[in-house]
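Student: Take a look at this one; I'll ask things after.
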Amino acid sequence: MNHLKELSKKDRQLLEVCCQALDDTKADDLAVLDVSKQSSITNFLILATANSNPHLSALKRDLDKSLKDHNVKILGVDEGNHSGWSVVDAFDVMIHLFTPDMRENYSLETLWKDATPIDVLELLSKPADRSA
326 MNHLKELSKK DRQLLEVCCQ ALDDTKADDL AVLDVSKQSS ITNFLILATA NSNPHLSALK
386 RDLDKSLKDH NVKILGVDEG NHSGWSVVDA FDVMIHLFTP DMRENYSLET LWKDATPIDV
446 LELLSKPADR SA
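Residues 326 to 457 in the numbering used here are what the sequence shown spells out, letter by letter.
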């Protein structure tokens, strides 16, 4: 079953904006999880890995700019004081940016193992505003 077809246009566009910004800035191991059935605070988690702390800062900067350009309100940011983990809260989606060691240490994919994965490649290849 293709979970993308079940997403609202608004949700799909938001996920595409986030994933495209992260992909453009060369994020590694990009993952999107639908946690709407498991979480009362957000619908989606996006996880991405940076190859260094400067790369982590660049990912966050470019993500922030892209969200702002698309009029997405950011509710909060926790930059972790160079901890190797940064979180951006855009209400319906929470974006977690990690250095490799922090991603492995916290293993959010394991914590949210009951979440439904969403195909990132399809999000990157088929913008929702493109006619079907």
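A virtual CB, placed ideally from N, CA and C, is assigned to each residue, including glycine.
Since Val360 and Leu347 are thought to touch, with beta carbons under 8 Å apart, how far apart are those beta carbons, to the nearest angstrom?
Tutor: For this step, residue 360 is matched to residue 35 along the sequence shown. For this step, residue 347 is matched to residue 22 along the sequence shown. Between Leu347 and Val360 the Cβ distance is about 18 Å, and since that is not below 8 Å, they are no contact.
Student: Expressed to the nearest angstrom, what Euclidean distance is found between the alpha-carbon atoms of Leu381 and Pro425?
Tutor: As a working note, residue 381 is residue 56 in the sequence shown. As a working note, residue 425 is residue 100 in the sequence shown. Spanning the two alpha carbons is a distance of roughly 10 Å.
Student: Output needed for Trp437: all residues of its chain with C-beta closer than 6 Å, excluding positions within five of it in sequence on either side, in chain order.
Tutor: What you label residue 437 is simply residue 112 of the sequence shown in a count that begins at 1. The residues are Leu358, Val360.
Student: Got a sec? Which residues, its chain only, sit under 8 Å from Met427 by beta carbon, not counting five neighbours each side?
Tutor: Taking the sequence shown and counting its residues from 1, the one referred to as residue 427 is at position 102. If we look at Met427 and ignore the five residues flanking it on each side, its Cβ neighbours are Ser408, Gly409, Trp410.
Student: Once DSSP output is grouped into helix, strand and coil, what is the label at Val397?
Tutor: As a first step, residue 397 is located in the sequence shown; it is residue number 72 there, counting from the start. In this structure, Val397 counts as coil in the three-state DSSP scheme.
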